[in-house]
Amino acid sequence: MGREIIHQEWSKEPGKRSRLWLQDDVKDVLKENTGTRAIEGLSLKLHSSSRDCLEACAFKEMKRLRLLQLDNVQLSGDYGHISKQLRWICWRGFPYKYIPINFHLENVIAIDFKHSRLQLVWEQPVVLERLKFLNLSHSKYLKETPDFSGLPSLEKLILKDCPNLCEVHQSIGRLRNLLLINLKDCTSLSYLPEEVYELRSLKILILSGCLKFPPIHIAKVKSLATIIAENTKPSAL
Numbered sequence: 135m136g137r138e139i140i141h142q143e144w145s146k147e148p149g150k151r152s153r154l155w156l157q158d159d160v161k162d163v164l165k166e167n168t169g170t171r172a173i174e175g176l177s178l179k180l181h182s183s184s185r186d187c188l189e190a191c192a193f194k195e196m197k198r199l200r201l202l203q204l205d206n207v208q209l210s211g212d213y214g215h216i217s218k219q220l221r222w223i224c225w226r227g228f229p230y231k232y233i234p235i236n237f238h239l240e241n242v243i244a245i246d247f248k249h250s251r252l253q254l255v256w257e258q259p260v261v262l263e264r265l266k267f268l269n270l271s272h273s274k275y276l277k278e279t280p281d282f283s284g285l286p287s288l289e290k291l292i293l294k295d296c297p298n299l300c301e302v303h304q305s306i307g308r309l310r311n312l313l314l315i316n317l318k319d320c321t322s323l324s325y326l327p328e329e330v331y332e333l334r335s336l337k338i339l340i341l342s343g344c345l346k347f348p349p350i351h352i353a354k355v356k357s358l359a360t361i362i363a364e365n366t367k368p369s370a371l
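Read in order, the letters of the sequence shown correspond to residues 135 to 371 in our numbering.
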């Protein structure tokens with residue numbers, strides 16, 4: 135009902151709606167650069183075979199954008215045009231090797247970049263003091279986690295099925311609010327930094343399918359309520 139009211143109110147001027155989700159309307163607004171301050175949420179889902187490339191400057195006037203959902207979208211240009219008010223971003227199939235440093239994510243609480251092409255998350259450490267949720271699952275090219283020093287509020291880290299991930303940054307030991315680490319099917323990962331075992335907040339550690347990982351180390355984490363480690367290295371059992 136709410137969506138229909140919003141749609142009817144600005145049926146001919148979609149750039150003035152608070153939420154954009156109808157795909158043709160979203161593409162028109164981004165291609166014609168008709169976005170306004172009214173837009174607080176935007177969702178665009180393209181097919182994985184899409185070759186459409188949109189310009190980041192199309193977001194320039196969306197100063198109040200808080201929720202952004204993109205699937206298989208290629209966005210070129212200056213990411214600094216995207217709202218600094220973002221709270222939640224889900225970008226399935228993020229197409230680049232790293233997140234641009236001028237992509238303002240300072241106020242973001244949740245980053246969901248499943249199925250990305252990331253190799254690094256950022257080229258250099260960033261400070262995202264509000265970030266609580268980071269999901270990079272199914273990122274086949276990801277080789278290492280970011281430096282966690284600037285992510286003090288992180289509670290959930292989900293890196294499921296990242297087969298080339300071989301290094302978890304030792305700064306993970308500074309995450310005093312971390313509750314969950316999911317590394318399921320990270321088949322190249324053979325160890326965790328010793329600092330992980332000192333995390334008093336950590337409640338759930340998932341290592342299922344980490345074939346190179348020796349589960350004998352798991353006993354060191356005394357705060358854990360749940361350990362899931364099927365199909366880890368059998369010789370360490």
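Cβ atoms here follow ideal geometry from the backbone N, Cα and C, with glycine treated the same way.
So, with DSSP's three-state summary, where would you put residue i?
| i | result |
| --- | --- |
| residue 329 | helix |
| residue 194 | coil |
| residue 151 | coil |
| residue 269 | strand |
| residue 308 | helix |
| residue 227 | coil |
| residue 175 | strand |
| residue 362 | strand |
| residue 144 | Here residue 144 scores only 49 on pLDDT, less than 50, and its place in the model is too uncertain to base an answer on. |
Could you tell me the boundaries of the beta strand (DSSP E) in which residue i lies?
| i | result |
| --- | --- |
| residue 208 | 208-210 |
| residue 161 | First-last for residue 161: 157-166, but that is the alpha helix (DSSP H), not the beta strand (DSSP E). |
| residue 294 | Run containing residue 294: none; DSSP gives neither H nor E here. |
| residue 313 | Premise fails: residue 313 is in no beta strand (DSSP E) and is neither H nor E. |
| residue 340 | 338-340 |
| residue 187 | 187-189 |
| residue 246 | 244-246 |
If you follow the alpha helix (DSSP H) that residue i is part of, which residue opens it and which one closes it?
| i | result |
| --- | --- |
| residue 102 | What the structure shows of the chain is the stretch from 135 to 371, and residue 102 is not part of that stretch, so it cannot be assessed. |
Does the distance from the CB of residue i to the CB of residue j come in under 8 Å?
| i | j | result |
| --- | --- | --- |
| residue 205 | residue 165 | no |
| residue 266 | residue 241 | no |
| residue 323 | residue 285 | no |
| residue 249 | residue 215 | no |
| residue 303 | residue 281 | yes |
| residue 232 | residue 254 | yes |
| residue 307 | residue 289 | no |
| residue 227 | residue 183 | no |
| residue 211 | residue 191 | yes |
| residue 243 | residue 269 | no |
| residue 344 | residue 360 | no |
| residue 163 | residue 156 | no |
| residue 384 | residue 171 | Residue coverage of the chain in this structure runs from 135 to 371, which leaves residue 384 outside it and unanswerable. |
| residue 259 | residue 287 | no |
Since I believe residue j is in contact with residue i (beta carbons under 8 Å), could you give me their beta-carbon distance rounded to a whole number of angstroms?
| i | j | result |
| --- | --- | --- |
| residue 224 | residue 203 | 5 Å |
| residue 251 | residue 275 | 6 Å |
| residue 358 | residue 336 | 6 Å |
| residue 189 | residue 169 | Not really, about 11 Å apart at Cβ, beyond 8 Å. |
| residue 213 | residue 229 | Residue 213 to residue 229, Cβ: 13 Å. No contact. |
| residue 301 | residue 279 | 7 Å |
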